[in-house]
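Below is one structure, written out as structure tokens; comments come after it.
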Amino acid sequence: MELDYLENYNGLDENIVRLYNFNKEEAILFRDLLKEAIINKKQKLDLAHVDFITPRNCNLIFGLFTSDEGIITKDNQTFFCILTLEGFTNMIALLEPFCKKETRSYQYLYDIDNPTELMFSPSASYVEE
Numbered sequence: 794m795e796l797d798y799l800e801n802y803n804g805l806d807e808n809i810v811r812l813y814n815f816n817k818e819e820a821i822l823f824r825d826l827l828k829e830a831i832i833n834k835k836q837k838l839d840l841a842h843v844d845f846i847t848p849r850n851c852n853l854i855f856g857l858f859t860s861d862e863g864i865i866t867k868d869n870q871t872f873f874c875i876l877t878l879e880g881f882t883n884m885i886a887l888l889e890p891f892c893k894k895e896t897r898s899y900q901y902l903y904d905i906d907n908p909t910e911l912m913f914s915p916s917a918s919y920v921e922e
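Numbering (my numbering), first residue to last: 794 to 922.
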């Protein structure tokens, strides 16, 4: 599984932080890691410390918040995905299809009016800019 940031990917000042290039087993590992760290332990989850995720040009840290804000950043290097417990529960539900079978589809992991989306895409590849 790889992690990267695509700035202004569509010419409309919209950005994507994406987790991509993974199989069903890694999707299960990621889902279970989110459940354990965020839902069960109420701790933040820093993907820089996850051995099966390779960061390309950024880092992503998940954390609980009192409102669903989505992804925020100050430097386009370190991103924070801050959601409520319900927001993370919804995210885990969106991950389920990737944990049941191999697929080439993709999924945005939240629906918030925010300039940066979080994409989960097993078949995407890394794009050098």
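For each residue, glycine too, the CB sits at the ideal point set by N, CA and C.
Identify whether glutamate 879 lies in helix, strand or coil by the three-state DSSP scheme. On the sequence shown, residue 879 is found 86 positions in, with the first residue counted as 1. Three-state DSSP puts glutamate 879 in a helix.
Cβ-based neighbour list, leucine 822, same chain, cut-off 7 Å, excluding 5 preceding and 5 following: What you label residue 822 is simply residue 29 of the sequence shown in a count that begins at 1. Correct list, in chain order: Phe845.
Straight-line CA distance for asparagine 907 to glutamate 807? What you label residue 907 is simply residue 114 of the sequence shown in a count that begins at 1. What you label residue 807 is simply residue 14 of the sequence shown in a count that begins at 1. The straight-line gap from Cα to Cα measures roughly 9 Å.
Whose C-beta lies closer than 6 Å to the C-beta of tyrosine 813 among residues of the same chain, with five residues either side of it excluded? Against the sequence shown, residue 813 aligns to sequence position 20. The residues are Glu795, Ser914 and Ala917.
Taking the continuous beta strand (DSSP E) assigned at glutamate 819, which residues delimit it? As a first step, residue 819 is located in the sequence shown; it is residue number 26 there, counting from the start. Taken as a continuous stretch (DSSP letters only), glutamate 819 belongs to no beta strand (DSSP E), being part of the alpha helix (DSSP H) at 817-827.
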